[in-house]
Amino acid sequence: MNLALFDLDNTLLNGDSDFEWSQFLIGIGVLDRELFEAKNLHFYEQYKQGTLDIHEFLDFQLKPLSRHSRKTLDEWHQQFMRDKVMPMITKPSRELVAKHQAAGDVCVIITATNSFVTAPIAHEFGIEHLIATDPEQKDGEFTGGVAGVPSFREGKITRLESWLAERGWTLDGFADSTFYSDSLNDLPLLRMVKHPVAANPDATLRAHAEQHGWPIVNLRG
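So the sequence shown is numbered by numbering that gives the first Met the number 0: it starts at 0 and just counts up by one.
Here is the structure:
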């Protein structure tokens, strides 16, 4: 049995769903553009540079979820999927996922972006398993906090190992393990799998991949 791990933003997606969700809320008037757009851009630049404070960002990203009912948020998300996410899903990404599914691999999206934003995207790809940062909930509504360990940098390893242990699996127990990612932030997990693949890599990851002979693929279409 083989394991195929996929980062989501700028890997399977030709764009960043985390960033675009905030931009979407700004666009429909839920968030104030003057207050939120500069912060959203600032955090996105920090992420790309590998300097993001994940807890500071999640405070910014998850607080708006607590101000609206789950029903309203779900309605907004349906529009977000149509307007923003679907155009970011490329043919090469769909084909890559389908190839691993056809081979019978265990396919998992593992992403720092929160599960409210990403669960419908995983469903669109036909991927059953999602490891994402989990927003805290109380009585079905979001509190604005985080539940458990954020799925970011080394946290992805922690979350993956917990997910595997729940199923009686270990990473080494798979005949093969592959992880596709675009980001320097995923180097800790890329180093752990048997076949790391740099997909649409940033400059730092591209240099590392070239130095270590990792495959480099373009999923942008």
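Glycine included, every Cβ here is placed at the ideal spot set by N, Cα and C.
Predicted model, so just to flag it, every value in this text is computed and none were measured.
Item	Value
Let me know if Lys155 comes out buried or exposed under the rule of 16 or more other beta-carbons within 10 Å of its beta-carbon.	buried
Are three or more beta carbon pairs between the segment 205–216 and the segment 65–76 nearer than 8 Å?	no
Under a three-way DSSP split, which group does Pro134 fall into?	strand
State whether the segment 181–201 contacts the segment 40–55, with contact taken as three or more CB pairs (one from each stretch) at a distance under 8 Å.	yes
Can you give the Cα-Cα distance for Gly172 and Ile27, rounded to whole angstroms?	47 Å
With DSSP as the reference, label Ser176 as helix, strand or coil.	strand
Take Thr221 and list the residues in its own chain whose beta-carbon comes closer than 7 Å to its own, dropping the five residues that flank it on each side.	Nothing can be reported for residue 221, as the shown portion of the chain is limited to 0 through 220.
In angstroms, rounded to a whole number, what distance separates the CA positions of Phe23 and Ile108?	23 Å
Tell me where the beta strand (DSSP E) around Gln195 begins and ends.	The residue asked about is misnamed: residue 195 is Pro in this sequence, not Gln. Counting along the chain, the beta strand (DSSP E) containing Pro195 begins and ends at His194 to Ala198.
Alpha carbons only, please: which of Met0, Leu4, Ile215 and Trp20 is nearest the one belonging to Thr117?	Trp20
Alpha carbon to alpha carbon, how far is Thr169 from Leu163? Give it in angstroms, no decimals.	6 Å
If the criterion is Cβ atoms closer than 8 Å, does the pair Asn113 and Gln60 meet it?	yes
Taking only three categories from DSSP, how would you classify Ala146?	strand
Could you give the DSSP three-state label for Leu12: helix, strand or coil?	strand
Taking the alpha carbon of His41 as the point to measure from, which residue in Leu30, Asp31 and Phe56 has its own alpha carbon closest?	Phe56
Please state the DSSP three-state secondary structure of Asn217.	coil
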